[in-house]
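Be aware that the sequence shown starts at 94, since it is given in my numbering, and climbs by one per residue.
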Amino acid sequence: MNENFDFRPIDDILAKHGTDHGAIIAILQDIQERYNYLPKEIFPYLAQKMKFGEARIYGVATFYENFSLEPKGKYIIRVCDGTACHVRGSQPLLDTLRDLLGLSETKHTTDDLNFTVETVSCLGACGLAPVMTVNGKVYPAMTVEKVEALLNELKEELKNG
Numbered sequence: 094m095n096e097n098f099d100f101r102p103i104d105d106i107l108a109k110h111g112t113d114h115g116a117i118i119a120i121l122q123d124i125q126e127r128y129n130y131l132p133k134e135i136f137p138y139l140a141q142k143m144k145f146g147e148a149r150i151y152g153v154a155t156f157y158e159n160f161s162l163e164p165k166g167k168y169i170i171r172v173c174d175g176t177a178c179h180v181r182g183s184q185p186l187l188d189t190l191r192d193l194l195g196l197s198e199t200k201h202t203t204d205d206l207n208f209t210v211e212t213v214s215c216l217g218a219c220g221l222a223p224v225m226t227v228n229g230k231v232y233p234a235m236t237v238e239k240v241e242a243l244l245n246e247l248k249e250e251l252k253n254g
């Protein structure tokens, strides 16, 4: 196990949920909420603490789409690419975000871990298309200009702490 990784937050999460195998999803959810992804260090640690196979824990983490094994940025931007959003121009929004942040179809997170850009199939707000979210907050009827302004605001927030 990695001696540099601080397992105290994991211990707190285990204390909250217990080590029963049925709690694994809630435990993984809390760990992801804490780190914005599931660090690789947690798998052998959880296996040992829960007396549960590491491969089974990893299997749960990779089965559910909401879990991420890759680090995510402070700001997680999700662009809806469902039919209504796509037809109303979500692709130019995505292209603008990727261009401004130096991201691509294969690179989703900035090197400084400030921004992650993802596409989602539907955000359930078709009447507000095209829609995107930033850390869960919905931004309706987006345009390229609105995306640029929002990105500038978020960068300003980062500067001001």
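Just so you know, even glycine gets a beta-carbon here, dropped at the ideal spot from N, CA and C. A quick note: this is a predicted structure, and the numbers were derived from the prediction, not measured.
For this session: Count the other CB atoms, across all protein chains shown, that sit within 10 Å of the CB of residue 154; report buried if there are 16 or more and exposed otherwise.
Result: Classification of residue 154: buried, given that the 10 Å Cβ count is 16 or more.
Exercise. When the Cα of residue 144 is compared with those of 113, 160, 236, which residue comes out closest?
Worked result: Considering only alpha carbons, the answer is 113.
For this session: Taking only runs that begin and end inside the region 118-182, name each unbroken alpha helix (DSSP H) of 4 or more residues, in chain order.
Result: Runs of the alpha helix (DSSP H) inside the region 118-182: 135-143, 147-156, 176-180.
Exercise. How is the alpha helix (DSSP H) around residue 230 delimited, first residue to last?
Worked result: Where residue 230 is concerned, there is no enclosing alpha helix (DSSP H), although the beta strand (DSSP E) around it starts and stops at 230-232.
Exercise. How should residue 138 be labelled, buried or exposed, when 16 other C-beta atoms within 10 angstroms of its C-beta is the threshold for buried?
Worked result: Buried is the call here.
For this session: Say whether chain D places a C-beta atom closer than 8 Å to the C-beta of residue 246.
Result: The structure shown contains no chain D; it is built from a single protein chain.
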